[in-house]
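For the sequence shown, the positions run 69 to 424 when our numbering is used.
Each remark here refers to the structure printed beneath this line.
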Amino acid sequence: MATQFADDGGSAKSSFVILDLEVDADSLLSSSPSSLSPCLLCCCGRHMMMVDRKKTNNKEENNCKSISKNEEISLYRDHEIPDFLRINRYIVRGYRSLLPVHLCLKSLFIWSNETINIWSHLLGCLIFAVLLMYDNVYAIPKISGSFMDHIICSISLICFQICMISSASYHVFYCHSPKANIRWLAIDLSGIIFGLMGCYIPGVHYSFYCLVEWERIYMIIIVILSVIILSIQLKPKRLNNSLTFTLSRVLMYSCLAIYGIIPAAHWIYLNGGWENKVVQVFVPKIVVMYLIGVGAVFFYLSQVPERLAPGIFDIVGASHQIWHIFIFSSLVWWRKSYMELLDYRLQYPCVHKAST
Numbered sequence: 069m070a071t072q073f074a075d076d077g078g079s080a081k082s083s084f085v086i087l088d089l090e091v092d093a094d095s096l097l098s099s100s101p102s103s104l105s106p107c108l109l110c111c112c113g114r115h116m117m118m119v120d121r122k123k124t125n126n127k128e129e130n131n132c133k134s135i136s137k138n139e140e141i142s143l144y145r146d147h148e149i150p151d152f153l154r155i156n157r158y159i160v161r162g163y164r165s166l167l168p169v170h171l172c173l174k175s176l177f178i179w180s181n182e183t184i185n186i187w188s189h190l191l192g193c194l195i196f197a198v199l200l201m202y203d204n205v206y207a208i209p210k211i212s213g214s215f216m217d218h219i220i221c222s223i224s225l226i227c228f229q230i231c232m233i234s235s236a237s238y239h240v241f242y243c244h245s246p247k248a249n250i251r252w253l254a255i256d257l258s259g260i261i262f263g264l265m266g267c268y269i270p271g272v273h274y275s276f277y278c279l280v281e282w283e284r285i286y287m288i289i290i291v292i293l294s295v296i297i298l299s300i301q302l303k304p305k306r307l308n309n310s311l312t313f314t315l316s317r318v319l320m321y322s323c324l325a326i327y328g329i330i331p332a333a334h335w336i337y338l339n340g341g342w343e344n345k346v347v348q349v350f351v352p353k354i355v356v357m358y359l360i361g362v363g364a365v366f367f368y369l370s371q372v373p374e375r376l377a378p379g380i381f382d383i384v385g386a387s388h389q390i391w392h393i394f395i396f397s398s399l400v401w402w403r404k405s406y407m408e409l410l411d412y413r414l415q416y417p418c419v420h421k422a423s424t
């Protein structure tokens, strides 16, 4: 949706809304103070008001012009921000509040309580993009992988990138407005599904490489479970960070991840149990993957260490930052693991592909 309005000089200004982000095109391109909306957002502590230039007295207008001229991003304490931004009660300071889009983007380059959350997954997305090129140009050709190997590994890494960029984008834009907060939370939750799918696709494909029918069965089940969980999580009433829905969210995503134990156990059985060398090599990798996941969930739910010392870990070392690093690490670990499984499959191909 695009709109136009005129500033005091009569020139037309344009803005549009995308994914519930109200974008002033001129501000985004030039970051000029004069290109802010005619309704300027004044944030004075916890009191926020929209001020129309044509309706304000000179004092209010001058205050707003001073704020817009500097275009500095103010950081607030927990008691100074709207309720929808107050997610972790043990994080005391470093909050951004109700920023226009171009300042949300500018906040990438300041230290706030979201900086590490943003950059841990933004850089994660870039790393997976590099790995996508590396695997397709070098790693897979080096082991004489097939076209399907390129497809499977590419899908996995693209899913990882979607997971990372969805998470980073949520942390960039969630402070824009209540509507943007809800919209980008939904995008973040969708990204988690992509991350899990990026793990399952190569894992199931190479585990049941010689048993195509079982591969199809497990993939269909995983897709169905993912769609069900996502459809439940994206219901409007659930798109908030209340304790009830947070716990429900973690439980559902954990169940989707834990489901992987079933095809893993089946794969172990089909390979003759622990006596098989391939089982001895790859089961520990699966265990490490789940241990990283358990560690991530522990920090996410416990809110340790900031629970033990509120205000100390606001900027660096908070539980959500640790959660982000664990999630990224788990995906890197799994990419390494399935590339090794691919190499094994190429060294020991199927005599023939069975359907049962």
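Note that the Cβ used here is the ideal one computed from N, Cα and C, for glycine as well.
Handout entry: Under 7 Å between C-beta atoms of I383 and G162
Key = Contact flag set, yes.
Problem - Supposed contact pair S258 and L298 - C-beta distance, whole angstroms, cut 8 Å - result: Rounded, the Cβ-Cβ distance is 6 Å, consistent with contact.
Exercise for the section: For the alpha helix (DSSP H) containing W256, list its first residue and its last residue. Expected result: According to the sequence as given, residue 256 is Asp; it is not Trp. For D256, the enclosing alpha helix (DSSP H) starts and ends at P246 to S275.
Handout entry: Element boundaries [alpha helix (DSSP H), containing L89]
Key = Premise fails: L89 lies in the beta strand (DSSP E), L89 to D92, not in any alpha helix (DSSP H).
Practice task
Please list, in chain order, all residues of the same chain as N249 whose beta carbon is under 6 Å from its beta carbon, the five residues on each side excluded.
Solution key: If we look at N249 and ignore the five residues flanking it on each side, its Cβ neighbours are F152 and Y242.
Practice task
Put L167 into one of helix, strand or coil per three-state DSSP.
Solution key: Reduced to three states, the DSSP call for L167 is coil.
Handout entry: Supposed close pair S497, S387 - CB separation, criterion 8 Å
Key = Since the first residue shown for the chain is 69 and the last is 424, residue 497 is missing from the structure and cannot be characterised.
Problem - Segment limits, alpha helix (DSSP H) that includes D411 - result: From DSSP, the alpha helix (DSSP H) with D411 extends over S387 to Q415.
Problem - Candidates C267, C418 and H147: closest to I325 by CA position - result: For clarity, residue 325 is Ala in the given sequence; the question names Ile instead. Ranking C267, C418 and H147 by Cα distance to A325 puts C267 first.
Problem - S33 in three-state terms, based on DSSP - result: The chain is shown from 69 up to 424; residue 33 falls before or after that span and cannot be answered.
Handout entry: Alpha-carbon spacing of V272 relative to Q301, whole angstroms
Key = Going by the C-alpha atoms only, they are around 25 Å apart.
Problem - Backbone CA spacing between W187 and R306 [nearest angstrom] - result: Our two residues, W187 and R306, have alpha carbons roughly 27 Å apart in a direct line.
Problem - Beta-bridge partners of Y358, as assigned by DSSP - result: According to DSSP, which records beta bridges pairwise, Y358 is partnered with nothing at all.
Exercise for the section: Measure the Cβ-Cβ separation of P331 and Y286 and say whether it is below 7 Å. Expected result: Judged by their CB atoms, P331 and Y286 are nearer to each other than the 7 Å cut-off.
Handout entry: Buried/exposed call for M201, threshold 16 Cβ in 10 Å
Key = So M201 counts as exposed.
Problem - First through last residue of the alpha helix (DSSP H) which encompasses V318 - result: Judged by DSSP secondary structure, V318 falls within the alpha helix (DSSP H) whose first and last residues are L311 to I326.
Practice task
Enumerate in chain order the residues of its own chain whose CB-to-CB distance from F394 is below 6 Å, with the five nearest sequence positions on each side excluded.
Solution key: If we look at F394 and ignore the five residues flanking it on each side, its Cβ neighbours are I360, G363 and A364.
Handout entry: Distance between beta carbons of N339 and V349, contact taken as under 8 Å
Key = The pair is not a contact, with the Cβ atoms about 11 Å apart (cut-off 8 Å).
Problem - Among S212, V91, E139 and S165, the one whose alpha carbon lies nearest that of R413 - result: Scanning S212, V91, E139 and S165 for the CA closest to the CA of R413 turns up S212.
Exercise for the section: Just the C-alpha distance for N308 and R251, rounded to the nearest angstrom, thanks. Expected result: Answer to the nearest angstrom: the Cα atoms are 10 Å apart.
Handout entry: Beta-carbon proximity of R375 to Y158, cut-off 7 Å
Key = Yes, Cβ-Cβ distance for R375 and Y158 is below 7 Å.
Handout entry: C-beta atoms of C172 and V85 nearer than 7 Å
Key = Result no, Cβ atoms of C172 and V85 do not sit closer than 7 Å.
Practice task
For the alpha helix (DSSP H) containing Y202, list its first residue and its last residue.
Solution key: Counting along the chain, the alpha helix (DSSP H) containing Y202 begins and ends at T183 to Y202.
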